[in-house]
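To convert, take the position in the sequence shown, counting from 1, and add 145; that gives the working numbering.
Contents: one structure, followed by commentary.
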Amino acid sequence: ALDRAARGDARWQGRVGPALARAREWIEGMQSGDGGWGAFEPENTHSHLNSIPFADHGALLDPPTADVSARCLSMLAQLGQLPANSRAAAQALRYLLGEQEANGSWYGRWGTNYLYGTWSALCALQAAGLGPEAAPVRRAAQWLLSVQNDDGGWGEDGSSYRLDYRGHESAPSTPSQTAWALLGLMAAGCRGLPAVARGIDYLLREQRADGLWDEQHYTAVGFPRVFYLRYHGYARYFPLWALARYRNLEGVRKPADANDANDAAGRMPWGM
């Protein structure tokens, strides 16, 4: 937000630049050795601690996760730290690609679940320079398309955190999760697909007269399989974000040109 606000405004550039440099240094210092980030501290990966009897929820640790790592990679890319010129960004990209599930999705630790993780990862991959034709992006977009509900929305509940999880299970559509899927698809260059238009139509149909949305399902996560959260803001700002992105992308670029950092084949110029 600071970076965008200061662009073209000389009044702020002198103050914002040093603040961004300090923030970037701190983020890079929180990166774990595998290239990812946890929510609270680095290298919190000693999984044997989850076997302590009083930690039967199995979430005593704060290991790197795809969703948090995607946010950090997106921030670095926003500040010009790309895999081509930044070791931290290159390691983050390698971590994120390694975390992609066989079906093309990503696990979401702090939002339910694979819809949240996949949206987060796709936005980071776009920011890092992967175009719509890159194989990881195509696989993720295809997964999102495959789990769309008949009403045009997307939904997922806490059952997806089961230890014996076998794949996406249909759940009622929610405004926030529909917005995540739409934002992910638009980051993957799919703005013009009918499925995206159907998702937008779902959000428009579900909007209340006062401009907001209702959401009764719990779409945020405290501890997987233990307790879940409902942030009331999720059903307000995520749908608005998706609608605004859809409007702003109208007629701007064709899907094949969605990222100037890549060539038409979606190859990564740094050879990863």
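For every residue, glycine included, the Cβ atom is placed at its ideal position computed from N, Cα and C.
C-alpha gap between residue i and residue j, whole angstroms
{"i": "G274", "j": "P198", "result": "45 Å"}
{"i": "P369", "j": "A285", "result": "23 Å"}
{"i": "Y363", "j": "H313", "result": "17 Å"}
{"i": "Q361", "j": "Q293", "result": "19 Å"}
{"i": "D402", "j": "G276", "result": "With a pLDDT of only 38 at D402, under the threshold of 50, the placement of this residue in the model should not be trusted; the figure read from the coordinates follows. Whole-angstrom Cα-Cα distance: 8 Å."}
{"i": "T202", "j": "P208", "result": "Per the sequence presented here, residue 202 reads as His, with Thr not at that position. If I take the Cα positions, the gap works out to 15 Å."}
{"i": "A204", "j": "V371", "result": "9 Å"}
{"i": "P163", "j": "R307", "result": "44 Å"}
{"i": "V161", "j": "D148", "result": "7 Å"}
{"i": "R169", "j": "R232", "result": "13 Å"}
{"i": "L385", "j": "Q287", "result": "24 Å"}
{"i": "Q158", "j": "A279", "result": "35 Å"}
{"i": "E246", "j": "D212", "result": "13 Å"}
{"i": "D295", "j": "G303", "result": "20 Å"}
{"i": "A150", "j": "L194", "result": "43 Å"}
{"i": "T210", "j": "A155", "result": "37 Å"}
{"i": "M331", "j": "G344", "result": "11 Å"}
{"i": "D309", "j": "R381", "result": "33 Å"}
{"i": "A340", "j": "E395", "result": "15 Å"}
{"i": "A387", "j": "S318", "result": "15 Å"}
{"i": "V171", "j": "M220", "result": "Reading off the sequence, residue 171 comes out as Trp, not Val. Going by the C-alpha atoms only, they are around 12 Å apart."}
{"i": "F185", "j": "S214", "result": "12 Å"}
{"i": "D346", "j": "G298", "result": "9 Å"}
{"i": "R152", "j": "A146", "result": "10 Å"}
{"i": "A342", "j": "H377", "result": "25 Å"}
{"i": "C335", "j": "N393", "result": "14 Å"}
{"i": "A229", "j": "R311", "result": "36 Å"}
{"i": "H191", "j": "G183", "result": "13 Å"}
{"i": "R167", "j": "C268", "result": "24 Å"}
{"i": "Q176", "j": "D355", "result": "42 Å"}
{"i": "N248", "j": "L348", "result": "26 Å"}
{"i": "T257", "j": "S250", "result": "13 Å"}
{"i": "S196", "j": "A333", "result": "39 Å"}
Extent of the continuous beta strand (DSSP E) to which residue i belongs
{"i": "R365", "result": "The sequence given here places Ala at residue 365; Arg does not occur at that position. Run containing A365: A365 to F368, per the beta strand (DSSP E) assignment."}
Bridge partners - residue i, DSSP secondary structure assignment
{"i": "T210", "result": "W182"}
{"i": "G256", "result": "A365"}
{"i": "F372", "result": "F368"}
Under 8 Å between C-beta atoms of residue i and residue j
{"i": "G181", "j": "Y240", "result": "yes"}
{"i": "E188", "j": "G174", "result": "no"}
{"i": "R353", "j": "D359", "result": "yes"}
{"i": "F383", "j": "S321", "result": "yes"}
{"i": "G262", "j": "Y252", "result": "yes"}
{"i": "L357", "j": "G367", "result": "no"}
{"i": "G316", "j": "E301", "result": "In the sequence on display, residue 316 carries Ala and not Gly. Cβ atoms of A316 and E301: closer than 8 Å."}
{"i": "V282", "j": "L270", "result": "yes"}
{"i": "A272", "j": "A222", "result": "yes"}
{"i": "G329", "j": "W255", "result": "no"}
{"i": "Y391", "j": "L338", "result": "no"}
{"i": "C418", "j": "A237", "result": "Here the chain has residues from 146 to 417 only, and residue 418 is not among them."}
{"i": "A389", "j": "Y379", "result": "no"}
{"i": "L224", "j": "L165", "result": "yes"}
Where the alpha helix (DSSP H) through residue i begins and ends
{"i": "R169", "result": "A155 to G174"}
{"i": "N230", "result": "Here N230 belongs to no alpha helix (DSSP H), and DSSP marks it neither H nor E."}
{"i": "I197", "result": "Per DSSP, I197 belongs to no alpha helix (DSSP H) and is neither H nor E."}
{"i": "P384", "result": "Y379 to L394"}
{"i": "D359", "result": "Looking at the DSSP string, D359 is not in any alpha helix (DSSP H), and its letter there is neither H nor E."}
{"i": "E244", "result": "It is not in any alpha helix (DSSP H) - E244 carries neither H nor E in the DSSP assignment."}
{"i": "L338", "result": "Premise fails: L338 is in no alpha helix (DSSP H) and is neither H nor E."}
{"i": "L147", "result": "L147 to A151"}
Cβ of residue i within 8 Å of any chain D Cβ
{"i": "L238", "result": "The question asks about chain D, but that chain is absent: this structure has only one protein chain."}
At 4 residues or longer, and completely inside the stretch 275 to 336: list those alpha helix (DSSP H) runs for me, N to C. 280 to 291 and 320 to 332
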